[in-house]
Amino acid sequence: MTGTGARPGDRLLRGVHRTLTGLHPAVESVLAAILGLLVGAVLMYIWGYDPWRAYWALLKGAFGGDYEIASSIARGVPLILTGLTFSICLRAGMFNIGAEGQMYVGAAASICVAYFSLPHPWHLVVGILFAAAAGVLWSLGPALLKLTRGVSEVISTIMFNWISRFLVFYLVAYVLVDPRQAQRTVRIPLSARFPILVPGTDLSAAVYLAVGFALFVYVLLWHTAVGYEVRAAGLNPTAARYGGISIKRTMVLSFALGGVAAGLAGAATTMGLPPTYAIISGLPELMNLGFDGMAVAMVGRNHPIGILFAALFFGGLNAGGRVMQFYGANPVPLEMVRVVMGAIVLAMAIPELARVLPAVAGAARGLVRTLSPKARKEAA
Amino acid sequence: MRKWLGLALVVALVAAPAVAQALRGKVAVVLDVGGRGDLSFNDMGFKGTDQAAEDFGLEMVEVQSATAADYLPNLRNLARTREYDLIICVGFLLGDALAQAAEEFPNQKFAIIDSVVDAPNVMSIVFRENEMSALIGALAAMAAAHHGYPKAGVVLGIEIPVLYHFEAGFRFGMDWGNKKYAAVTGRPANVELLYTYTGTFSNIALGKAATEAMLAQGAVGVYNVAGPLGIGDLEAITEYHRNKGTKSGPPYYFGVDANQDWMGKGMHGLASGMKRVDVGCYMAVESVVRGTFKGGVVSLGLKEKGVGISRYQDLLEFIEFGVKAGALKAEDIAETILNWQANRATLPDWIWAAIDELEAGILNGTIVVPTADTVAEMQAVRALYTLGAP
């Protein structure tokens, strides 16, 4: 994407892909991954585990065969979508932490299909639409607050996450609850489930939805005028406004698109993940998918195609991490597996983290403006 | 080993003798998202299986689940290796995943604690928690009446059928305790119930907040029915004592699953409603080793020593458990035992004798403790034993 053609977006694009080390982004990511693996190996060595054997288990558990590969992809599906939520908004110059909450309401909305019946593909489609609509509605709250009152989206999305969490807790416990199984909601009927692609694994057709949406976002952002406006507003809002771009429009658009993605992540989990096909009290199968998506977005360099690979990488880490727990004579306990995974992910996110620092600083300025009455007066 | 013999006998009698199969020498325990370190449910599952693996010379593997999405993959990963004689699922929430895995791997033996999975290769181990909760409820009501407290509290976790067993038993027990107190002392006792479903098995802060609210309303103590939340419950009670300047007596802490009386150096834990998850796990492994493994429901109650109210011998066993987990220092053991004895001495002997009487009644079948598995059944029990909290 760093060509030097005559298209007007190329200068902007070059700016986007400036990297920390001056190397090609892919090379940089591989170097970061090696660094992360090394740190993880040292940690495991210090605590008396065999890093070679553990990494062998990780690799085998992640990509050792059809079953393993399917499991890794399945684990990455919702992360593609929540990663997109974060990236779209970051491309538009905003720090949207709200994927978690938008995903919860999306999941809750998809459960509603259990209350009526339709033939197979349509029942599923209606559920997907419900989830997407709920995600958009939930994302509009922070978007409108930012538009009308200048509230920093960092604060409002975090607040909306909490509201969503307890709202969905309530819905699960009292509204959508299965009267015979008080610990979960009613189940999504067969006609509204994503078909399983590889029998005996978690991989369902939800993967097509996630990959399709990622490609859609890519085309929209990089090959349409609207997408160009969104990215331009993200790179330099003042210049974009001067160039006749409506910042308000790009803001609402990117929030809404992000809301769709997060809502779909909820649906992909409730309608596409065996065996429960319902929301369990306490949301243990949804918890943190939104936040993990932010890490996926960082590793994937906030690019839809990069996110696809990053999500596969994450899914592999998680699927392989499960195997590390019981493989070999001295298996690595889950706590250590998570420490190692954390080291790898952190190392891989550093290049992108450093690159988005200006955006982080911008968000921090917004925060200060929201919080301090003096700064707010000055701004007015 | 002696304590297991009685149980082994029961198992041998109940289960039909089968031809012993060649053992592969490995067992696995799969835990739910609660994970290790709760000093209660999950740690007990580990303890029992570990003990059995040691006694029968097996290798044991423990697999935790980072999220609920890992339950089924974890079971599949283990079953696919065909290396495990038995895979034990510790926790109700693994039920759905096991139902599917058991169907996909019909030759793999599974056991599950707290849930019933209807498959020929799954041993479903459930407990009659209502029985020991009745003992705790009776103790709480009599303790409240004796010390002049108006209420007794229960802090529960997520509203799942298993927890209805506890609530139903506790209600019955309180009612029994109120009547017993009136009969013995000639003074009426109307101790009322305070109960909260916190909706979590992991947020310790909610346990503390719920306990504080109950203490403020005059609860003589709280019964923890939410695993790790008990740590928060006990913290609230300890702070209450510190502010009051008291070292023992009410408000009391009633532990759950494990014997938790030793926690906080045994100062406020009066008694625990023990649910021996470790006994269940041990039993399942033993049945596989002896070739008596059979799918179906195994129900453990007072009679099978699967549940019970904590006593002195249990305290010693679980002090060791606490020291091993790093939650109690070895040099504090003597002090812990003295504290616990001082706390127990704040109640008259007749109350402890009454608890033994209730236990004997349940054991010989003259007293039947109600239970509940559905919302409707729970509401029926609530209507029967209102205790000011329908």
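First to last, the protein sequences are chains L and H. Going left to right, the first sequence walks through residues 5 to 384 as the numbering used here numbers them. Going left to right, the second sequence walks through residues 889 to 1278 as the numbering used here numbers them. Every residue, glycine too, gets a C-beta built ideally from N, C-alpha and C. Quantities reported herein were computed from a predicted structural model and do not represent experimental measurements.
The beta-bridge partner set that DSSP reports for Lys-914 of chain H consists of H:Glu-947. Bridge pairing for Glu-1080 of chain H: H:Lys-1039 [DSSP].
Around Asp-984 of chain H, the beta-carbon contacts reaching into chain L at under 7 Å are Pro-279, Thr-280. Below the 7 Å Cβ cutoff, chain L contributes Gly-286 as neighbours of Thr-1088 of chain H, in chain order. Burial state of Asp-1237 of chain H is exposed, judged by a 10 Å Cβ sphere holding fewer than 16 other Cβ atoms.
Of all residues in the region 182-207 of chain L, only Pro-183, Arg-184, Ala-186, Gln-187, Gly-204, Asp-206 come within less than 7 Å of chain H when Cβ atoms are compared, listed by chain position. Between the region 218-227 of chain L and the region 305-325 of chain L, the count of Cβ pairs shorter than 8 Å is three or higher; the stretches touch. Excluding sequence positions up to five before and after Ala-347 of chain L, its CB lies within less than 8 Å of the CB of Gly-40, Val-43, Gly-44, Leu-47, all in the same chain and listed in chain order. In the structure shown, Thr-189 of chain L adopts extended strand secondary structure according to DSSP, grouped into three states.
Within the region 1038-1074 of chain H, the runs of alpha helix (DSSP H) that reach at least 4 residues and sit entirely inside it are, in chain order, 1049-1073.
With respect to chain L, the C-beta atom of Glu-942 of chain H has no partner C-beta closer than 8 Å.
Nearest C-alpha to Thr-161 of chain L among L:Phe-90, L:Tyr-71, L:Leu-85: L:Phe-90.
Neighbourhood of Ile-1046 of chain H in chain L, by CB distance below 7 Å: Gln-187, Ser-285, Gly-286, in chain order.
Chain-ordered listing is empty here: chain H has no CB closer than 8 Å to the CB of Val-221 of chain L, the nearest sitting near 24 Å. In this chain, the beta strand (DSSP E) harbouring Ser-1012 of chain H covers 1010-1015. For Val-327 of chain L, the neighbours in chain H by C-beta distance under 7 Å run, in chain order, Asn-965. Under the three-state reduction of DSSP output, Tyr-1141 of chain H falls in the strand class.
Neighbourhood of Glu-289 of chain L in chain H, by CB distance below 8 Å: Thr-955, Ala-956, Ala-957, in chain order.
Around Pro-1049 of chain H, the beta-carbon contacts reaching into chain L at under 7 Å are Ala-186. Across the set H:Ser-928, H:Gly-1214, H:Arg-1059, the C-alpha of H:Arg-1059 shows the shortest separation from the C-alpha of Ala-1277 of chain H.
Among the CB atoms of chain H, one or more fall inside 8 Å of the CB of Ala-323 of chain L. Close to chain L, meaning a Cβ-Cβ distance shorter than 8 Å, are the following residues of the region 1238-1266 of chain H: Thr-1262, Val-1263. The alpha carbon of Arg-169 of chain L has as its nearest neighbour, out of L:Leu-293, L:Ala-243, L:Pro-279, L:Arg-359, the alpha carbon of L:Leu-293. Contact of Gln-996 of chain H with chain L is not assigned, every C-beta pair being separated by 8 Å or more. For Gly-65 of chain L, there is no enclosing beta strand (DSSP E); the residue is part of the alpha helix (DSSP H) that begins and ends at 55-67. Counted as a single uninterrupted DSSP element, the beta strand (DSSP E) harbouring Ala-1107 of chain H occupies residues 1107-1113. Gly-319 of chain L sits away from Arg-95 of chain L, with the two beta carbons spaced by 8 Å or more. Only residues of its own chain outside the window of five on either side were considered, and among them Gly-922, Gly-1045, Ile-1046, Ala-1114, Gly-1115, Pro-1116, Leu-1117 have a CB closer than 8 Å to the CB of Phe-1089 of chain H, listed in chain order. Tyr-119 of chain L sits away from Ile-192 of chain L, with the two beta carbons spaced by 8 Å or more. Taking a C-beta distance under 8 Å as the contact criterion, Val-1010 of chain H and Leu-986 of chain H qualify as a contact pair. Distance from the CA atom of Ala-299 of chain L to the CA atom of Ser-258 of chain L, rounded to whole angstroms, is 19 Å. Residue burial annotation: Glu-1205 of chain H is exposed, with fewer than 16 other C-beta atoms found within 10 angstroms of its C-beta. Against Val-949 of chain H, the close residues of chain L are Gln-329, Phe-330, Pro-335, in the order they occur along the chain (beta-carbon pairs closer than 9 Å). Shown here, Ile-84 of chain L sits in a helix according to DSSP, grouped into three states. In chain H, no part has a C-beta under 8 Å from the C-beta of Ala-210 of chain L; the shortest such distance is about 12 Å. DSSP places Lys-1163 of chain H in the strand class (E or B) of the three-state scheme.
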